[in-house]
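Here the structure is laid out as structure tokens; the discussion comes afterwards.
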Amino acid sequence: MSMRVWGLAVALVAMQLAEAFQLTGYSACRPLLPAASCSFLRSRALCAGLSPSTGRGRIQNQGNVRTTLRMAGAVEAVDAETFEVIIQEETKPLVVDFYAEWCGPCRLVAPQLEEVAQTMKDQVRFLKINTDENERLATLMQVYALPTLLLIKDGAVVQRAEGAMMANQIRDLVKTSFF
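In mature numbering (1 follows the signal peptide of the UniProt record, and there is no 0), the protein residues as written are -20 to -1, 1 to 159.
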């Protein structure tokens, strides 16, 4: 089994266990910290299995679970300049996903976030920002782990969540933060 497939399989099992035991923030890449460490249940397996060279397109594990970061849909990809305009003008609450193409947990969160965005797009606006392309904004917003979700209302961050989460966990976080 390739390291990439093994890393994804481990991540999916970890997400299921975390959901069963109601854990959050159990899987996160921390590339923006000085040590450039990656924590995944105290293992580098996930991030080692999904290297920057595999960053674009689809990945697949043996369970035929497909994820991609470039999904078209309810989650809008924006840059720092667009984000600044949106945060000043948007009247809806915002959920902002800070991610990187090479980040394994980010790849797992992308379809989960898209699922939530499809069901809540009338109440909340969903954005995603690539930290590799918007490093200054990530630093300004104090994003030190990936993925990081920022929940913003009236221009202020009301909640922050780091690590991979399932759709129901994201939905619960949004509901408790905004409604």
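Quick reminder that beta carbons are idealized off the backbone N, C-alpha and C, glycines included.
Comparing alpha carbon positions, the residue from Gly143, Val154 and Phe159 closest to Gly84 is Gly143.
A Cβ-Cβ contact shorter than 9 Å links Ala97 with Val104. DSSP, read as helix, strand or coil, puts Asn110 in strand. Here Glu94 is near Val55, since their CB atoms are less than 9 Å apart.
In this structure, the alpha-carbon of Val138 lies about 18 Å from that of Leu126.
Classified as exposed, Asn148 has fewer than 16 neighbouring CB atoms from the shown chains inside 10 Å of its CB. In terms of Cα proximity to Arg87, the closest of Arg116, Thr99 and Met145 is Met145. For Glu142, there is no enclosing alpha helix (DSSP H); the enclosing beta strand (DSSP E) has its first and last residue at Ala136 to Glu142. Taken atom to atom, the span from the alpha-carbon of Phe78 to that of Phe159 is near 23 Å.
Between Ile109 and Asp59, the C-beta spacing is below 9 Å.
With respect to the C-alpha of Phe63, the residue from Ala80, Ala118 and Tyr124 having the closest C-alpha is Ala118. DSSP places Val55 in the uninterrupted beta strand (DSSP E) bounded by Val55 to Ala57.
Note on geometry: alpha-carbon atoms of Leu74 and Trp82 lie some 24 Å from one another. In the three-state DSSP reduction, Phe159 falls in the coil class, being neither helix nor strand.
Close CB contacts of Ala57 within its chain, under the 6 Å cut and outside five residues either way in sequence, are with Lys108 (chain order).
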